[in-house]
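Data first, discussion second: the structure below is written as C-alpha cells.
Number of protein chains: 2
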Amino acid sequence: MSETDLPDGADVDLGPLPRLLGYALRRAQLAVFQDFHRVFADVDIRPAQFSVLTVLRHTPGLRQSQVSEALGIKRTNFVALFDTLEARGLARRERVADDRRAFALYLTEEGAGLLGRMQALLVAHEKHFIDRIGADGRETLLALLHRLSD
Amino acid sequence: MSETDLPDGADVDLGPLPRLLGYALRRAQLAVFQDFHRVFADVDIRPAQFSVLTVLRHTPGLRQSQVSEALGIKRTNFVALFDTLEARGLARRERVADDRRAFALYLTEEGAGLLGRMQALLVAHEKHFIDRIGADGRETLLALLHRLSD
Numbered sequence: 048m049s050e051t052d053l054p055d056g057a058d059v060d061l062g063p064l065p066r067l068l069g070y071a072l073r074r075a076q077l078a079v080f081q082d083f084h085r086v087f088a089d090v091d092i093r094p095a096q097f098s099v100l101t102v103l104r105h106t107p108g109l110r111q112s113q114v115s116e117a118l119g120i121k122r123t124n125f126v127a128l129f130d131t132l133e134a135r136g137l138a139r140r141e142r143v144a145d146d147r148r149a150f151a152l153y154l155t156e157e158g159a160g161l162l163g164r165m166q167a168l169l170v171a172h173e174k175h176f177i178d179r180i181g182a183d184g185r186e187t188l189l190a191l192l193h194r195l196s197d
Numbered sequence: 048m049s050e051t052d053l054p055d056g057a058d059v060d061l062g063p064l065p066r067l068l069g070y071a072l073r074r075a076q077l078a079v080f081q082d083f084h085r086v087f088a089d090v091d092i093r094p095a096q097f098s099v100l101t102v103l104r105h106t107p108g109l110r111q112s113q114v115s116e117a118l119g120i121k122r123t124n125f126v127a128l129f130d131t132l133e134a135r136g137l138a139r140r141e142r143v144a145d146d147r148r149a150f151a152l153y154l155t156e157e158g159a160g161l162l163g164r165m166q167a168l169l170v171a172h173e174k175h176f177i178d179r180i181g182a183d184g185r186e187t188l189l190a191l192l193h194r195l196s197d
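So the protein lines, in turn, are chains C and A.
In this text, residue positions in the first sequence follow our numbering: the first is 48, and each later residue adds one.
In this text, residue positions in the second sequence follow our numbering: the first is 48, and each later residue adds one.
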C-alpha cells in the first residue's frame, strides 16, 4: 500500500469515544494533571504527593494504610511515594508502640513549609481551569464528579 | 505514642482536596475505570485497549504515532499495548511501503467481532453512571469535561 492511500493524522475519527464518560474523564484528568506538572515543576511535586502532604497536614499520625485507602492509592505505589517524600525530608514515619508493623505518618516542618508555599501555585493552577469553565461551571462539575465517585 | 492516641480511619480529613478539580477528576475517573474493569473482566479488555480498537475501526490504516497522539497515550505504553492486541489476534501492524520505519494499524476480523460484542457491555457500563447523574447530568458533565481538555 502506498503511503498516500493511508489516512493522515487529521482524519482520525474517535467514533463514540468522546461521548463515553470514562474516556472524557480520562482526557480531562490528563489535561489538568499536565497543567499541575507544569505549575509544580519548580518544586518537583506530583499530584499524588501533594495529596499525601495535604492529608497529613489535616490529620497527622495516620497509618500508611489509612492514607493510601483514603486517597485510593495502591499500597505498593504509596510506599514508593512516601519513601520519596521521606528522602526529601518532607514527611516522616514513626513506629507505632502497640503495633510493631505499623507506622504513623507526619509532615516535617520542611514539608509543612513547602505545602504553605505551594498554595499560590495551587491557586494559579486551579484558576487556569476556572477561567475555562467559570466559577459556576466548576461548582457544577465538582458536584457531578462527587456523585460519580461516591 | 500509644495506638489509642492515633487517629482512626474515620478521622481522615482530606482538607481542600475534594474542592480541587484535579483531585475530583482523578477520583471520578478511577471510579468509572474500576467499573469498566469489572464489566469488561470476562473479555479481558482495559479502557485504553478499548479506545485503540475503537479508533482503528473508525479509521483503519493509521500509523502508531497517529493513534497514540490522538488518544494521548505515551509512545512506549502504546507499543506494549498494541503488542498485546496483536498477540491476541485482535489487531495487526502492516509495513508502510514508502516508509520502512512506519506501520499502519488495522483491526483483524476477530478484533472487529469482539468490538461488536462489547457494545452491550459498554451500554451496561455507561448506564451504571447515567443512573447516578441522569441523562441531563451526563450531557452537562461531558460538555464541561471537553472544555477542560480542549
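Think of the CB as a built atom: it goes at the ideal place given N, C-alpha and C, for glycine as much as any other residue.
Predicted, not measured: the structure shown is a model, and the values here were computed from it.
- Taking a Cβ-Cβ threshold of 7 Å, the residues of chain A close to Ile180(C) are Leu191, Arg194, Leu195, in chain order.
- The Cβ of Arg104(A) sits closer than 9 Å to at least one Cβ of chain C.
- If you draw a straight line from the Cα of Arg73(A) to the Cα of Gln76(C), it comes to about 6 Å.
- With distances taken between CA atoms, Gly158(C) lies nearest to Arg135(C) out of Arg135(C), Gly184(C), Ala151(C).
- In terms of Cα proximity to Gln111(A), the closest of Arg93(A), Asp130(A), Pro94(A) is Asp130(A).
- Counting C-beta pairs closer than 8 Å gives three or more between the segment 150-157 of chain C and the segment 96-104 of chain C, which meets the contact rule.
- Within 9 Å of the CB of Leu61(A), the CB atoms of chain C belong to Ser98, Thr101, Val102, His105, Thr106, Ala117, Leu118, in sequence order along the chain.
- Neighbours of Asp58(A) in chain C, taken as residues whose beta carbon is under 9 Å from its own, are Thr106, Leu109, Gln113 in chain order.
- For Val59(C), no alpha helix (DSSP H) run applies, since DSSP gives it neither H nor E.
- Using a Cβ-Cβ cut-off of 8 Å, Glu173(A) is close to Leu67, Leu68 of chain C, given in chain order.
- According to the DSSP secondary-structure assignment, Glu141(A) is paired through a beta bridge with Ala151(A).
- Three or more Cβ pairs closer than 8 Å define a contact, and the segment 164-181 of chain A meets that threshold against the segment 53-70 of chain C.
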